[in-house]
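Protein chains in written order, with my numbering: chain P, 7 to 131; chain W, 303 to 686; chain F, 530 to 872. Even for Gly, the Cβ is constructed at its ideal location relative to N, Cα and C. Source: prediction; values computed, not measured. Notes follow once the structure below has been shown.
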Amino acid sequence: MIPRFWRKIKYRYDLNGSYCENCGNYFYPPRNLCPICRRKSKIREVQIDGEGKVLSYTVVHEGKNLKKPYIVALIELKNGVKIVSQLVCDPKDVSIGMKVRRAFRKYGEDGEEGIIYYGTKFVPA
Amino acid sequence: MRRVAIIGIGCSRFGELWNMSFRDIVMEAGIEALEDANLEGKEIEALYIGNMSGGKYIGQEHIAALIADYAGLAEFHIPATRVEAADASGSLALRQAYMAVASGIHDVVIAAGAEKVTDVGDAMTILSSSADQEWENFVGANLPALYALIARLHMEEYGTKEEDMALVSVKNHRNAVHNPKAQFRREISLEDVMKSQYVAEPLKLLDCAPVSDGAAAVVLASEEIARKITDTPVYIDACCQASDYLAIHSRKSVLTMGAVVKAARDAYRLARVEPKDIQVAEVHDSFTIAEILAYEDLGFAEKGKGGELIREGVTEIGGKIPVNTSGGLKACGHAVGATGVRQAVEIVAQLRGEAGKRQVDAEKGLTLNIGGTGATAVVTIFGR
Amino acid sequence: MIGIVSYGTYIPRFRIKVEEIARIWGEDAETIKNGLGILEKSVPDIDEDTATIAVEASREAVERAGIDPQEIGAVFVGSESHPYAVKPTSTIVGEALDIGNEFFTADLEFACKAGTAAIQICYAMVKSGMIKYGLAIGADTSQARPGDALEYAAAAGGAAFIVGKDPIAEIEATYSFTSDTPDFWRRDLQPYPSHGGRFTGVPAYFRHVISAAKGLMEKYGYTPNDFDFAVFHQPNAKFPLRAAKMLGIDRSKVQQGLVVRVIGNTYSGSSLIGLAAVFDVARPGDRILLVSFGSGAGSDAFAIRVTDKIEEIERNPQVWDKISEGVYVDYGLYLKYRRKIRV
Chain P
7 MIPRFWRKIK YRYDLNGSYC ENCGNYFYPP RNLCPICRRK SKIREVQIDG EGKVLSYTVV
67 HEGKNLKKPY IVALIELKNG VKIVSQLVCD PKDVSIGMKV RRAFRKYGED GEEGIIYYGT
127 KFVPA
Chain W
303 MRRVAIIGIG CSRFGELWNM SFRDIVMEAG IEALEDANLE GKEIEALYIG NMSGGKYIGQ
363 EHIAALIADY AGLAEFHIPA TRVEAADASG SLALRQAYMA VASGIHDVVI AAGAEKVTDV
423 GDAMTILSSS ADQEWENFVG ANLPALYALI ARLHMEEYGT KEEDMALVSV KNHRNAVHNP
483 KAQFRREISL EDVMKSQYVA EPLKLLDCAP VSDGAAAVVL ASEEIARKIT DTPVYIDACC
543 QASDYLAIHS RKSVLTMGAV VKAARDAYRL ARVEPKDIQV AEVHDSFTIA EILAYEDLGF
603 AEKGKGGELI REGVTEIGGK IPVNTSGGLK ACGHAVGATG VRQAVEIVAQ LRGEAGKRQV
663 DAEKGLTLNI GGTGATAVVT IFGR
Chain F
530 MIGIVSYGTY IPRFRIKVEE IARIWGEDAE TIKNGLGILE KSVPDIDEDT ATIAVEASRE
590 AVERAGIDPQ EIGAVFVGSE SHPYAVKPTS TIVGEALDIG NEFFTADLEF ACKAGTAAIQ
650 ICYAMVKSGM IKYGLAIGAD TSQARPGDAL EYAAAAGGAA FIVGKDPIAE IEATYSFTSD
710 TPDFWRRDLQ PYPSHGGRFT GVPAYFRHVI SAAKGLMEKY GYTPNDFDFA VFHQPNAKFP
770 LRAAKMLGID RSKVQQGLVV RVIGNTYSGS SLIGLAAVFD VARPGDRILL VSFGSGAGSD
830 AFAIRVTDKI EEIERNPQVW DKISEGVYVD YGLYLKYRRK IRV
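Here it is, written out as structure tokens:
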């Protein structure tokens with residue numbers, strides 16, 4: 007798991023995604039190829055702004071996570087980018103349309119001896 | 303391209319089959335299918351098997367060769383192929399088998415699906431690997447959570463209620479009472495579903511299909527051979543497959559499964575029918591919301607009106623378009639790679655008039671098998 | 530002119546009241562509140578640790594400064610609760626802030642004064658021309674043995690400071706006083722620290738804080754009246770006020786930075802969050818005396834003069850505003866979040 011997590015550290019710690027200079031579309035998570043332009047893609051790395059709004063959410067009771075229950079949300083960021091991420095707040099305070107912003111949090115660890123997985127979650131803005 | 307018929311069907315019981323190994327389960331389904339087809343076994347020219355993850359569930363890869371071996375076909379050295387598209391693996395096997403016969407390459411082929419999930423503790427976690435491991439599972443968005451996101455949005459956009467989804471579960475349990483192969487054969491009430499604990503809100507325990515052990519098999523033959531062997535061939539009018547973005551956040555709309563729409567459209571066109579011509583259907587109710595979405599994406603209802611259909615009883619046995627007469631994934635059980643083939647077994651039984659107390663009057667049937675959250679979809683249309 | 534170019538803070542939003550802890554251990558809350566001057570303390574969420582706190586505080590500092598993070602040439606995170614015993618927190622901060630690969634770094638530990646030591650190191654690197662900007666962070670999610678007196682104070686939080694030229698506050702002078710004093714320590718592999726009880730007062734905290742403050746003033750020619758604000762390390766609300774009195778500084782100058790009353794002792798973040806609270810309201814020309822204390826033991830003293838530039842940056846949300854947004858937890862949840870429940 008280590009190399010697999012390490013390769014994506016930059017893209018998890020912040021919203022580092024892709025921008026296709028050919029068609030002007032933004033993608034997160036990052037892509038090697040633009041699905042619209044395929045071999046005509048001109049992909050470069052871009053930092054996506056961390057402000058967004060909640061399109062949908064669920065309070066998950068069964069699942070592997072540090073917190074139980076935890077909230078998973080479908081969030082719309084700028085430039086049409088959508089992301090599925092965790093939302094850190096009281097379940098009774100979540101609503102569709104609420105404004106959120108990105109935060110740096112722990113996602114898990116490989117046991118007490120293993121490495122720690124950090125990443126981007128969202129909090130109420 | 304020649305017409306292909308199903309001449310034999312077989313199915314194991316679905317459920318927690320503690321006493322049966324993977325090999326045992328597949329044999330049960332395969333033997334039943336061959337007996338039903340009245341074949342000795344040496345006629346089989348190729349084997350296609352759908353299995354999502356022999357590796358993760360039982361530590362075994364090279365599944366197809368294993369099955370051919372234990373089916374007693376090793377002496378004939380037939381080509382044996384395993385195909386995988388998460389829980390659409392079964393329909394993939396069916397389609398590969400169909401193409402092999404339709405193209406003329408083989409005359410008699412067996413398509414099977416099988417999964418043994420109870421040898422490990424976390425069957426749902428393994429099933430969740432059908433979602434995007436890096437960007438969905440990593441953040442805790444497992445399969446129930448992803449379908450829950452879809453359900454919540456469907457409720458928000460179209461006014462669908464938790465009760466509507468619950469009614470799907472109630473219907474399917476009621477249907478399964480008459481299905482001797484089903485995992486759950488007792489009725490449940492709307493209240494039972496609404497009171498069951500939340501798995502990922504708004505989906506509750508009784509909104510989610512179990513992950514089960516099970517196997518199913520069908521024998522396919524060219525029309526010419528079929529007519530010699532059986533009085534009740536059921537033809538595959540179309541078998542179409544489509545793919546979509548793996549992660550739901552990549553799709554334009556989370557409320558439409560683009561792969562289902564495409565596969566259905568292709569299938570209707572090839573079979574020269576319209577949605578209203580379908581008289582019985584088995585759809586992929588891994589979660590109750592998925593059945594409601596299926597009504598819409600298959601064209602049985604307009605987008606957003608899926609909830610109305612179940613509320614009005616249109617998809618009950620006795621309704622205009624009975625759906626999941628077998629009990630569906632929810633009540634019959636979801637044996638992952640086996641499901642697609644089990645769906646075919648039910649439709650063929652219906653079209654032959656062999657569905658016992660679940661029988662409906664139908665000449666055209668349809669199966670919809672989905673992988674994960676919809677990145678693979680297979681729509682098959684059957685006719686007498 | 531070299532000094533603080535920008536600052537940021539992060540305080541977790543959960544709180545536990547002194548009453549709640551006292552309830553479990555059968556102690557009298559009023560006595561404790563009067564003795565320590567602490568009402569409640571901050572509690573980190575289960576998915577927070579020193580690294581996440583350091584990143585959040587640093588991101589605020591960088592955004593406020595409006596600088597390109599790639600221009601940061603050094604990162605030092607001071608803490609006594611680094612997530613790894615071996616593998617620096619600063620590399621995680623560097624990656625999360627997109628600082629690039631070209632920066633000097635190592636982690637620091639000196640009990641509660643590791644953050645101010647980080648500021649001194651960054652200051653020296655900027656002054657010598659080695660780097661353009663340095664990022665100094667003090668952050669902790671300190672653990673206290675359940676039932677120990679420290680449990681009422683040990684809290685979580687952090688502050689980050691960007692050190693460079695053209696500052697919003699100039700570091701006019703800095704002075705450190707250090708000795709080998711075992712007042713509070715934690716042996717390797719032990720989960721909780723140990724301490725010398727009353728020994729932590731006069732021979733430890735007061736000796737070093739007063740010596741550092743006096744040393745700074747004597748060496749650089751300051752008098753107590755030269756300072757408009759005084760921020761001391763805050764293990765409780767009493768020690769800073771007593772230190773101010775001993776130095777002849779009016780207690781009113783200590784109030785703005787005295788965050789310990791409502792968030793507890795954030796260890797490496799303690800004096801630094803206090804400093805940030807002062808920056809929130811300071812005016813050009815104000816001079817601040819900052820004296821940290823780290824057990825083991827040592828104190829870093831600074832004379833910091835606010836410049837005109839402080840009015841050019843966005844200082845909201847202010848530290849005291851952030852502090853007011855708390856969500857209370859009970860002792861059971863507190864144990865769970867602090868991972869004191871081993872299974």
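Give the straight-line distance between the Cα atoms of Ala633(W) and Arg37(P), rounded to the nearest whole angstrom.
If you number the second sequence from 1, residue 633(W) lands on position 331. If you number the first sequence from 1, residue 37(P) lands on position 31. Each residue's alpha carbon lies about 39 Å from the other.
So, are the CB atoms of Val655(F) and Gly693(F) less than 8 Å apart?
The residue labelled residue 655(F) in the question sits at position 126 within the third sequence. The residue labelled residue 693(F) in the question sits at position 164 within the third sequence. Yes; because the gap between Cβ atoms is below 8 Å, this pair is in contact.
Cβ closer than 8 Å: which chain P residues qualify as neighbours of Asp576(F)?
Looking up residue 576(F) in the third sequence gives position 47. Under the 8 Å cutoff, chain P gives Leu72, Lys73, Val94, Arg111, Lys112, Tyr113, Lys127.
Best match in Ala646(W), Ala443(W), Glu648(W) for proximity to His67(P) [C-alpha to C-alpha]:
Within the first sequence, residue 67(P) is the residue found at index 61, counting from 1. Comparing Cα-Cα distances from His67(P) to each of Ala646(W), Ala443(W), Glu648(W), the minimum goes to Ala443(W).
Report, in whole angstroms, the separation of the C-beta atoms of Asp829(F) and Thr645(F), which I expect to be a contact under 8 Å.
Residue numbering aside, residue 829(F) sits at position 300 when the third sequence is read from its first letter. Residue numbering aside, residue 645(F) sits at position 116 when the third sequence is read from its first letter. Between Thr645(F) and Asp829(F) the Cβ distance is about 4 Å, and since that is below 8 Å, they are a contact.
Measure the beta-carbon distance from Val441(W) to Tyr113(P) and round it to whole angstroms, keeping in mind my assumption that it falls under 8 Å.
For this step, residue 441(W) is matched to residue 139 along the second sequence. For this step, residue 113(P) is matched to residue 107 along the first sequence. So it is a contact: roughly 7 Å between Cβ atoms.
So, do the region 55 to 74 of chain P and the region 500 to 510 of chain W have three or more beta carbon pairs nearer to each other than 8 Å?
In short, these stretches touch, since the Cβ pair count reaches three.
Closer than 7 Å at the beta carbon, the chain A residues around Val584(F):
Although the question refers to chain A, the structure presented lacks it and instead comprises the protein chains P, W and F.
Where in the region 574 to 652 of chain W do unbroken runs of the beta strand (DSSP E), each at least 3 residues long, occur, reported from the N-terminal end onward?
Runs of the beta strand (DSSP E) lying entirely within the region 574 to 652 of chain W and spanning at least 3 residues, in chain order: 582 to 584.
Out of Ser62(P), Tyr34(P), Met104(P), which has the shortest C-alpha to C-alpha gap to Glu459(W)?
For the purposes of this step, residue 459(W) is taken as the residue at position 157 of the second sequence. Ranking Ser62(P), Tyr34(P), Met104(P) by Cα distance to Glu459(W) puts Ser62(P) first.
Compute the distance between the beta-carbons of Cys641(F) and Ser821(F), then report whether it is under 8 Å.
For the purposes of this step, residue 641(F) is taken as residue 112 along the third sequence, with counting starting at 1. For the purposes of this step, residue 821(F) is taken as residue 292 along the third sequence, with counting starting at 1. Closer than 8 Å, so yes.
Candidates Glu576(W), Thr462(W), Gly621(W): closest to Lys605(W) by CA position
Indexing the second sequence from 1 puts residue 605(W) at position 303. Shortest Cα-Cα distance from Lys605(W) to any of Glu576(W), Thr462(W), Gly621(W) involves Thr462(W).
Between Ile621(F) and chain P, is the shortest Cβ-Cβ distance under 8 Å, so that the two count as touching?
Translated into the one-based positions of the third sequence, residue 621(F) becomes position 92. Interface residue, yes.
Taking Cβ-Cβ distances shorter than 9 Å, what residues in chain P pair up with Leu451(W)?
If you number the second sequence from 1, residue 451(W) lands on position 149. What Leu451(W) touches in chain P: Leu61, Ser62, Tyr63, Thr64, Val78, Ala79, Leu80, Val90.
Hey, does Asp20(P) have any beta-carbon neighbour from chain F nearer than 8 Å?
Position 14 of the first sequence, counted from the start, is the residue given in the question as residue 20(P). Answer yes: the Cβ-Cβ gap between Asp20(P) and chain F drops below 8 Å somewhere.
Using beta-carbon positions only, say whether Val591(F) and Val622(F) come within less than 8 Å of one another.
Within the third sequence, the letter at position 62 stands for residue 591(F). Within the third sequence, the letter at position 93 stands for residue 622(F). For Val591(F) and Val622(F), no; Cβs fall outside 8 Å.
Which residues mark the beginning and the end of the alpha helix (DSSP H) in which Gly332(W) is found?
Counting from 1 along the second sequence, the entry for residue 332(W) is found at position 30. Run containing Gly332(W): 324 to 339, per the alpha helix (DSSP H) assignment.
Quick one, which of Leu448(W), Leu548(W), Leu455(W), Asp515(W) has its alpha-carbon nearest Asn321(W)'s?
Indexing the second sequence from 1 puts residue 321(W) at position 19. Out of Leu448(W), Leu548(W), Leu455(W), Asp515(W), Asp515(W) has the C-alpha closest to the C-alpha of Asn321(W).
Give a yes or no on whether 8 Å exceeds the smallest Cβ distance from Glu699(F) to chain P.
Walking along the third sequence from the start, residue 699(F) turns up at place 170. No, Glu699(F) lies away from the interface with chain P (no Cβ there is under 8 Å from its Cβ).
Could you tell me how far apart the beta carbons of Gly415(W) and Val643(W) are, in whole angstroms, since I believe they sit closer than 8 Å?
For this step, residue 415(W) is matched to residue 113 along the second sequence. For this step, residue 643(W) is matched to residue 341 along the second sequence. Right, their Cβ atoms sit about 4 Å apart.
Same chain only: Cβ atoms within 7 Å of Thr618(F), ignoring 5 sequence neighbours per side
As a first step, residue 618(F) is located in the third sequence; it is residue number 89 there, counting from the start. Thr579, Ala580, Ala583, Val606, Ser608, His611, Pro612, Asp636.
Assign Arg542(F) to one of three DSSP states: helix, strand, or coil.
Here residue 542(F) refers to the residue found at position 13 when the third sequence is read from its first residue. DSSP places Arg542(F) in coil when its eight states are reduced to three.
Determine the burial state of Pro764(F): buried for a count of at least 16 other Cβ atoms within 10 Å of its Cβ, exposed for fewer.
Position 235 of the third sequence, counted from the start, is the residue given in the question as residue 764(F). Pro764(F) is buried by the Cβ-count criterion.
To the nearest angstrom, report how far apart Met467(W) and Met7(P) are at their CA atoms.
On the second sequence, position 165 is the one that residue 467(W) refers to. On the first sequence, position 1 is the one that residue 7(P) refers to. Using only the alpha carbons, I get a separation of about 38 Å.
I'd like to know if Thr618(F) contacts chain P, where contact means its C-beta is closer than 8 Å to some C-beta of that chain.
One-based indexing of the third sequence puts residue 618(F) at position 89. Closer than 8 Å: no.
Under 8 Å, do Ser587(F) and Ile666(F) count as touching if we go by C-beta distance?
As a working mapping, residue 587(F) is identified with position 58 in the third sequence. As a working mapping, residue 666(F) is identified with position 137 in the third sequence. In this structure, Ile666(F) lies closer than 8 Å to Ser587(F) by Cβ.
My assumption, with CB atoms under 8 Å, is that Ile628(F) sits in contact with Ile648(F). Please give the rounded CB distance.
The residue given as residue 628(F) occupies position 99 in the third sequence. The residue given as residue 648(F) occupies position 119 in the third sequence. The Cβ separation is near 18 Å, so there is no contact.
Quick one: grab the DSSP three-state call for Glu585(F).
Position 56 of the third sequence, counting from 1, holds the residue named residue 585(F). In this structure, Glu585(F) counts as helix in the three-state DSSP scheme.
Which one or two residues does DSSP pair with Arg553(W) in a beta bridge?
Counting from one through the second sequence, the residue named residue 553(W) turns up at place 251. Paired residues: none, contrary to the question.
Local conformation of Asn353(W) per DSSP, three classes
Here residue 353(W) refers to the residue found at position 51 when the second sequence is read from its first residue. Three-state DSSP puts Asn353(W) in coil, outside helix and strand.
Contacts around Ile490(W), its chain only, beta-carbon distance under 8 Å, and the 5 residues preceding and following it disregarded:
Here the question's residue 490(W) lines up with position 188 in the second sequence. A distance below 8 Å between beta-carbons, with the five flanking residues on each side excluded, links Ile490(W) to the following residues of its chain, in chain order: Ser471, Val472, His475, Leu508.
From Val848(F) to Ile792(F), what does the alpha carbon distance come to, in whole angstroms?
Residue mapping note: residue 848(F) aligns to position 319 of the third sequence, counting from 1. Residue mapping note: residue 792(F) aligns to position 263 of the third sequence, counting from 1. Those two C-alpha atoms are separated by around 11 Å.
Just list the alpha helix (DSSP H) runs in the region 369 to 440 of chain W, keeping only unbroken ones of 4 residues or longer that don't cross its boundaries, in chain order.
Annotation note: the region 369 to 440 of chain W contains the following uninterrupted alpha helix (DSSP H) runs of length 4 or greater, listed N- to C-terminal: 391 to 404, 425 to 429.
Report the option in Asp755(F), Gly825(F), Asp597(F), Asp574(F) whose CA atom is closest to the CA atom of Lys73(P).
For the purposes of this step, residue 73(P) is taken as residue 67 along the first sequence, with counting starting at 1. The residue among Asp755(F), Gly825(F), Asp597(F), Asp574(F) with its C-alpha nearest the C-alpha of Lys73(P) is Asp574(F).
Check the Cβ of Glu592(F) against every Cβ in chain P and list those closer than 9 Å, keeping chain order.
Counting from one through the third sequence, the residue named residue 592(F) turns up at place 63. Listed along chain P is no residue with a C-beta nearer than 9 Å to that of Glu592(F); the closest approach is about 10 Å.
Nearest neighbour of Leu664(F), chosen from Gly687(F), Tyr681(F), Ala683(F), Leu679(F) [CA to CA]
Sequence index remark: in the third sequence, residue 664(F) carries index 135 (1-based). Of the listed residues, the one whose Cα sits closest to Leu664(F) is Gly687(F).
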